[in-house]
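What follows is a short report on a single structure.
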Amino acid sequence: GENVEQHPSTLSVQEGDSAVIKCTYSDSASNYFPWYKQELGKRPQLIIDIRSNVGEKKDQRIAVTLNKTAKHFSLHITETQPEDSAVYFCAARTMEYGNKLVFGAGTILRVKS
Amino acid sequence: NAGVTQTPKFRILKIGQSMTLQCTQDMNHNYMYWYRQDPGMGLKLIYYSVGAGITDKGEVPNGYNVSRSTTEDFPLRLELAAPSQTSVYFCASSYSFGQGGETQYFGPGTRLLVL
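Chains A and B, in that order, are what the protein sequence lines are.
Under my numbering, the residues of the first sequence are numbered 1199 to 1311, in order.
Under my numbering, the residues of the second sequence are numbered 466 to 580, in order.
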């Protein structure tokens, strides 16, 4: 089945710097890759997603890139702010269980002001 | 729109007790899911449903059961609670496949402690 690995597990950056989180997946048939942000004690919320027919997608300070050949995708956050501090999860959609998402283990992002 | 709601927010169970975690969505989504999130870990799929009357196992179904009698409700049943089931449980829902149908919307979670 699908396996998603996420790195790094923790990331500390200075306010205003960029942050990059990387994920790799194993199932070449996976075709949808969302990123979720989870603040402490809250529910995961979708921040950006990308489909396999697109190489890059941007939404203001957030961007996601996808390399299908290498089977990896990355989240880029520019001009980080303290409110970006949270746990970020990547996921890949596999057809094995309906619309199932397989999640990475998460990255704790700390933005220091 | 309330979105996805879950009850209770927090529960302490003794080993061997049973309970049902409730999940309701008002977005007319046909897909619903139950995940567990252990500390410092990602989300693991327990069970999912593609519509009323249809359920299937996810990655970690042992010790749980589900039912889906309506589009809106997807309860998760723990029959004999064990300490290994201490976790935060999230319910989620989505439309089916296709453009825009992949986004899963999560409920606020139920924190369960089994002692």
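Every residue gets a Cβ at the ideal spot worked out from N, C-alpha and C, and that includes glycine.
For my contact list, residue i and residue j are in at a C-beta cut-off of 8 Å; report their separation, rounded to the angstrom.
i                       : j                       : result
residue 514 of chain B  : residue 497 of chain B  : 5 Å
residue 552 of chain B  : residue 580 of chain B  : Between residue 580 of chain B and residue 552 of chain B the Cβ distance is about 14 Å, and since that is not below 8 Å, they are no contact.
residue 1245 of chain A : residue 1235 of chain A : 5 Å
residue 560 of chain B  : residue 495 of chain B  : 7 Å
residue 573 of chain B  : residue 1241 of chain A : 5 Å
residue 1237 of chain A : residue 1280 of chain A : At roughly 12 Å, the Cβ-Cβ gap does not stay under 8 Å, so residue 1237 of chain A and residue 1280 of chain A are not in contact.
residue 1221 of chain A : residue 1204 of chain A : 5 Å
Under 8 Å, do residue i and residue j count as touching if we go by C-beta distance?
i                       : j                       : result
residue 569 of chain B  : residue 1299 of chain A : yes
residue 1223 of chain A : residue 1200 of chain A : yes
residue 1252 of chain A : residue 1278 of chain A : no
residue 575 of chain B  : residue 537 of chain B  : no
residue 520 of chain B  : residue 529 of chain B  : no
residue 523 of chain B  : residue 1301 of chain A : no
residue 531 of chain B  : residue 509 of chain B  : no
residue 1275 of chain A : residue 1207 of chain A : no
residue 502 of chain B  : residue 556 of chain B  : no
What would DSSP say about residue i, mapped onto helix, strand or coil?
i                       : result
residue 549 of chain B  : helix
residue 503 of chain B  : coil
residue 1280 of chain A : helix
residue 1238 of chain A : coil
residue 567 of chain B  : coil
residue 529 of chain B  : strand
residue 542 of chain B  : strand
residue 517 of chain B  : coil
residue 580 of chain B  : coil
residue 1291 of chain A : strand
residue 1212 of chain A : strand
residue 1258 of chain A : coil
Original post:
Is it a yes or a no for the stretch 1282 to 1290 of chain A touching the stretch 1299 to 1311 of chain A, going by three-plus beta-carbon pairs under 8 Å?
Top reply: yes
**OP:** Return the chain-ordered ranges of every beta strand (DSSP E) run that is complete within the stretch 478 to 503 of chain B and spans a minimum of 3 residues.
**Re:** 484 to 490, 496 to 502
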